[in-house]
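Step one of this worksheet: look at the structure below.
Protein chains in written order, with the working numbering: chain A, 18 to 357; chain B, 185 to 595; chain C, 219 to 383.
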């Protein structure tokens with residue numbers, strides 16, 4: 018009896034509907050990515066800058082659990098609510114932001130046939146779920162009722178329209194080549210990595226990914242030197258952790274999509290791992306996504322910040338035509354190759 | 185919870201009217217107070233009025249670190265003012281005290297021996313490099329280029345270490361005193377300095393790759409905060425900011441002090457007058473300073489490092505100590521230097537620009553009046569003239585490029 | 219000299235510059251150079267000439283008071299010791315700026331600098347050294363707790379190298 022119950026529970030947890038959103042690539046893997054990625058970012062930046070970076074929290078591993086210490090600190094920090102803030106929006110927007118970065122994991126296929134909810138339109142669904150975050154950033158900036166947050170909100174509003182369009186078009190350029198909007202079908206159809214087939218779309222997607230997650234050189238919304246922390250100026254404690262974590266989660270979601278669109282997703286599959294659990298087949302997807310993430314955060318030590326108008330110019334005058342060009346490229350490929 | 189905050193009608197249109205002031209000309213402006221509690225304000229406040237993303241007016245509000253240095257100087261003996269003025273620009277201590285010492289030497293009718301003048305020039309150039317690297321780092325972090333910040337501050341350590349070998353202190357050298365300098369050149373200084381120069385030359389190439397020629401920096405700096413020669417002259421701008429606007433003026437040439445007349449160096453000048461020109465002028469000045477240091481190490485004459493008038497007062501035992509260790513001993517009479525009544529002015533080129541001293545002596549052991557005009561104080565006006573019409577995000581770029589140092593401006 | 223930053227760049231030069239910046243970053247990412255000296259574990263040995271904490275030797279002091287007169291920060295003061303006719307200097311490290319004028323003016327070599335610079339105090343009163351306490355040997359607390367002293371060496375490749383002593 019008991020083994021049967023436990024077995025059923027284990028089966029339930031290991032089934033894709035639960036395993037994908039909760040464990041991998043969902044919540045648990047995302048938390049792991051969050052903790053290690055920020056640490057890796059700090060370590061890499063420190064390395065380039067001839068420093069050590071986090072070191073003394075678990076010294077044998079080079080301060081690897083620094084982020085856990087930071088998280089504990091944030092948990093116990095007093096969350097300060099500004100007197101003039103719109104309290105409900107101020108408190109709930111970061112939570113909603115985090116939620117909208119986690120929901121896409123239910124639709125991102127992690128391994129062949131392994132997805133929480135298998136829908137035909139997973140690509141637009143994932144992208145539009147992550148497109149829900151900018152309005153929430155606007156909401157926080159308005160709710161905090163501070164001059165710096167308002168300016169940050171205005172910047173986010175400008176940036177959002179500049180990058181979302183190109184992001185969607187670049188993604189659809191790939192989808193139009195394969196003739197499907199399902200991420201799993203795109204991966205299955207990819208015999209040659211998409212980055213070779215359509216490098217323009219890959220470049221546009223990568224740059225807009227940086228813009229979406231406001232990573233350097235596009236961390237304009239949080240521009241510390243002008244507007245302190247942009248929309249997040251008034252946040253402290255656990256709410257701050259949520260808003261900061263959300264941008265990394267968003268980056269993780271988009272890098273998974275990037276790998277599935279352009280780097281062959283979970284291919285090559287290692288069959289030996291599949292016998293343990295189907296989710297393990299996605300290990301190469303995870304590794305590739307992590308490398309993309311590492312490169313994205315490494316850019317922090319190379320670049321400064323673009324000005325808002327320059328970023329908008331890049332978004333509208335360079336990335337947008339390039340995104341359109343990538344659609345034409347895909348169509349031309351279709352004509353030449355006669356379909357995938 | 186039910187008090188003031190929640191009872192305010194947030195949604196009413198008056199909210200915007202309260203948020204946005206209106207300036208005299210009827211513009212809708214968004215007034216923003218940058219500093220003094222702000223990640224990128226320094227010890228000052230900039231009151232910015234924005235029309236959309238365009239800066240209508242930026243008003244530098246200085247004085248947060250004013251320490252009444254000129255008044256304090258009136259209450260101290262001449263030699264005790266050296267550590268005081270050092271603290272105006274702690275990153276460029278040799279140059280800022282040199283101006284004071286030159287004025288005091290004029291009052292006393294002293295002249296430092298040639299070797300001392302060379303040593304002063306040596307420390308001044310080391311300080312100039314360190315000061316430029318400091319400004320470089322600040323300029324980097326103002327654009328959120330943290331690598332440039334860390335690199336420049338880390339490489340500044342090399343020069344700080346050289347200065348420490350020479351003087352015994354990292355920043356507050358108090359090295360230049362009326363009549364000479366306090367320490368002789370250490371034995372292995374030449375090799376160390378040459379190694380530091382070769383290292384720095386290599387690093388400047390890396391700076392160029394990751395910062396100066398980085399397309400993001402080019403986008404942020406070219407044609408930003410432009411000031412032209414006639415405007416710069418009218419406003420009385422000094423230092424690299426002036427030279428980047430195309431005016432070939434440098435107190436080292438104009439005043440011919442120290443060992444500079446005997447050394448060969450160029451004054452880098454650029455015509456563009458924008459933030460990038462100011463950056464490039466500073467880089468070239470670092471190169472010129474390194475060439476000056478090389479020349480000094482080759483040309484430095486032998487001889488005393490302290491004026492005979494005071495050195496004579498030392499007992500033989502102390503003279504022996506000075507000869508053997510290279511560390512100067514001061515005679516007791518040095519505490520109460522007593523110049524004739526009169527006035528003296530002196531100017532010296534610091535890393536940030538020209539510093540000007542005017543000392544009035546009434547014949548007592550303390551100065552009657554010391555007036556010091558620091559380069560940062562003369563450059564602070566740039567905030568107003570460079571930012572007008574610029575984008576809001578240009579403000580930190582301009583701040584970084586003019587190398588303003590609040591404690592120096594406030595004194 | 220970076221003259222060509224003013225030339226209007228085309229896509230190719232721009233890409234080349236992006237690549238150069240990223241390559242420089244990667245080069246440093248893969249190198250093993252470090253500037254940091256991890257202080258409580260390592261301590262830079264500052265050597266002879268450094269102007270650190272000041273050591274006073276009572277047996278040499280001739281009570282001339284020049285040190286107290288020259289002190290720009292009024293940190294050095296002359297104290298009268300019980301049972302002594304002469305006055306002796308004491309120092310207040312709340313005020314001392316380590317300019318070293320007192321050491322330079324001392325005609326009897328009773329004052330000298332030590333390389334010790336990293337003392338800290340829990341109470342302000344502890345920072346005032348009356349003559350009885352002033353005549354002590356300074357020991358760096360980091361060294362006492364087992365810091366390894368390192369020597370600063372100038373190097374063409376890494377600027378400053380910190381070699382274990």
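Backbone N, C-alpha and C define an ideal beta-carbon position, used for all residues, glycine too.
In this structure, residue 266 of chain B sits away from residue 534 of chain B, with a CB-CB distance that is not shorter than 8 Å. Secondary structure note for residue 462 of chain B: its alpha helix (DSSP H) is the uninterrupted segment 459-483. Around the C-beta of residue 474 of chain B, 16 or more other C-beta atoms lie within 10 Å, and the residue is accordingly described as buried. Residue state for residue 365 of chain B is assigned as strand, using DSSP reduced to three classes. When B:368, B:338, B:391 and B:558 are compared, the shortest CA-CA separation from residue 506 of chain B is found for B:368. At least 8 Å separates the CB of residue 227 of chain C from every CB of chain A. Segment contact: the segment 540-560 of chain B against the segment 389-409 of chain B, fewer than three CB-CB distances shorter than 8 Å; contact not assigned. Contact between residue 536 of chain B and residue 423 of chain B holds: CB atoms are separated by about 5 Å, below the 8 Å threshold.
Excluding sequence positions up to five before and after residue 299 of chain B, its CB lies within less than 6 Å of the CB of 485, 487 and 489, all in the same chain and listed in chain order. Between the segment 293-313 of chain B and the segment 563-577 of chain B there are fewer than three inter-stretch CB-CB distances shorter than 8 Å, so the stretches are not counted as touching. In the DSSP assignment, residue 324 of chain B falls within the alpha helix (DSSP H) that extends over 298-326. Using a Cβ-Cβ cut-off of 8 Å, residue 319 of chain A counts as an interface residue toward chain C, since at least one Cβ of chain C sits closer than that to its own. If the five residues before and after residue 274 of chain C are omitted, its C-beta is found closer than 7 Å to the C-beta atoms of 307, 328, 329, 352 and 353, all from its own chain and listed in chain order. Here the alpha carbon of residue 142 of chain A sits roughly 26 Å from the alpha carbon of residue 107 of chain A. With at least 16 other beta carbons inside 10 angstroms of its own, residue 590 of chain B counts as buried. Interface annotation for the segment 305-338 of chain B against chain A: 324, 325, 326, 327, 328, 329, 330, 331, 332, 333, 334, 335 and 338, criterion Cβ-Cβ distance under 9 Å. Judged by DSSP in its simplified three-state form, residue 575 of chain B adopts strand.
Note on residue 357 of chain B: 16 or more other CB atoms within 10 angstroms of its CB, so buried under the neighbour-count rule. Scanning B:427, B:400 and B:333 for the CA closest to the CA of residue 414 of chain B turns up B:427. Taking the CA atoms as reference points, residue 328 of chain B sits about 14 Å from residue 222 of chain B.
Residue environment analysis places residue 257 of chain C among the exposed positions, since fewer than 16 neighbouring C-beta atoms fall within 10 angstroms of its C-beta.
Comparing alpha-carbon positions, the option among C:247, C:262 and C:248 lying closest to residue 254 of chain C turns out to be C:262.
Looking at the DSSP output, residue 526 of chain B shares a beta bridge with B:545. Considering only A:197, A:183, A:87 and A:283, the residue with the shortest C-alpha distance to residue 210 of chain A is A:283.
For residue 218 of chain B, the closest C-alpha among the options B:242, B:238, B:344 and B:237 is that of B:242. A distance of 8 Å or more separates the beta carbons of residue 187 of chain A and residue 195 of chain A. Burial is judged here by how many other beta carbons sit within 10 angstroms of a residue's own beta carbon; residue 92 of chain A has fewer than 16 and is exposed. Take the alpha-carbon of residue 531 of chain B and the one of residue 481 of chain B: they are about 25 Å apart. Fully contained in the segment 251-293 of chain C are the following alpha helix (DSSP H) runs of length 4 or more, in chain order: 284-288.
In the three-state reduction of the DSSP assignment, residue 392 of chain B falls in the helix class, which pools H, G and I.
Your pair residue 237 of chain B and residue 325 of chain A checks out as a contact, with CB atoms roughly 6 Å apart and the cut at 8 Å.
Residue 254 of chain A is positioned such that its CB atom lies closer than 8 Å to that of residue 94 of chain A.
Taking 7 Å as the cut-off between beta carbons, the residues of the segment 223-257 of chain C near chain B are 223, 224, 232, 235, 236, 238, 239, 242, 243 and 253, in sequence order.
Scanning B:493, B:582 and B:577 for the CA closest to the CA of residue 235 of chain B turns up B:577.
Interface with chain C (8 Å Cβ-Cβ cutoff): residue 59 of chain A is excluded. Listed as beta-bridge partners of residue 381 of chain C by DSSP are C:369.
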